[in-house]
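Numbering (full-length UniProt numbering), first residue to last: 1 to 151.
Cβ coordinates follow ideal geometry from the N, Cα and C atoms, glycine included.
Predicted model only: the values in this text are computed from it and were never measured.
Have a look at the structure below before the remarks.
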């Protein structure tokens, strides 16, 4: 952790200085670390995902919670494993936010899949969503059938 001057997190955020905000995530002052995680959420730059996943190991519950929320806002799949581990955090608040973050990432991914299906098949998004839902139901049915056969 660096201990020099207190970084002005608000100015770093205004300048969209992701590197500066990432550096602030390791400041000795817990308030600075929390503010940095929140600012990274507002900036929403996927290049911060690795640093934010590291922040999930911070001693401060507030920092971990802010990092989880930032990862939810960025909604990058690279954070999924770290967020899954955060489901076992000692803090209930962190665990709840991790569950929300994983749902957010899943929802974003579903939207992307629906848009892709819609574009490829040249169908409206509601039709693409139905196709995706039917496919997921079919996958579940296949699993149930496999379980039935194994018995």
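Note down the Cα distance separating residue i from residue j, rounded to an integer number of angstroms.
i: residue 70; j: residue 128; result: 30 Å
i: residue 5; j: residue 29; result: 11 Å
i: residue 110; j: residue 84; result: 18 Å
i: residue 1; j: residue 55; result: At residue 1 the pLDDT is 47, less than 50, meaning the model places this residue with poor confidence; the figure from the coordinates comes in the next sentence. Going by the C-alpha atoms only, they are around 12 Å apart.
i: residue 113; j: residue 72; result: 18 Å
i: residue 117; j: residue 59; result: 43 Å
i: residue 25; j: residue 32; result: 7 Å
i: residue 40; j: residue 27; result: 15 Å
i: residue 105; j: residue 8; result: 30 Å
i: residue 121; j: residue 108; result: 20 Å
i: residue 131; j: residue 115; result: 12 Å
i: residue 79; j: residue 67; result: 11 Å
i: residue 53; j: residue 82; result: 6 Å
i: residue 102; j: residue 51; result: 18 Å
Give the secondary structure of residue i by DSSP, where H, G and I count as helix, E and B as strand, and everything else as coil.
i: residue 20; result: helix
i: residue 65; result: helix
i: residue 70; result: helix
i: residue 125; result: helix
i: residue 9; result: helix
i: residue 75; result: coil
i: residue 56; result: coil
i: residue 47; result: helix
i: residue 132; result: helix
Counting only the same chain and skipping the five closest in sequence on each side, list residues whose C-beta sits under 6 Å from that of residue i.
i: residue 62; result: 34
i: residue 169; result: Residue 169 lies beyond the residue range present for the chain, which begins at 1 and ends at 151; the question has no answer from this structure.
Below 8 Å CB to CB, which residues in the same chain sit around residue i once its five sequence neighbours on both sides are set aside?
i: residue 43; result: 13, 16, 18 and 21
i: residue 48; result: 18, 21, 22, 40, 70 and 74
i: residue 91; result: 61, 64 and 65
i: residue 124; result: 118
Distance cutoff 7 Å, beta carbons only. Does residue i sit that close to anything in chain D?
i: residue 51; result: The structure shown has no chain D; it contains just one protein chain.
Taking residue i as part of the alpha helix (DSSP H), name the residues at either end of that continuous run.
i: residue 108; result: 92-121
i: residue 87; result: Where residue 87 is concerned, there is no enclosing alpha helix (DSSP H), given that its DSSP letter is neither H nor E.
i: residue 33; result: 30-43
i: residue 79; result: Run containing residue 79: none; DSSP gives neither H nor E here.
Going by beta carbon distance, what residues of the same chain come within less than 7 Å of residue i, once the five residues before and after it are set aside?
i: residue 87; result: 95, 98 and 99
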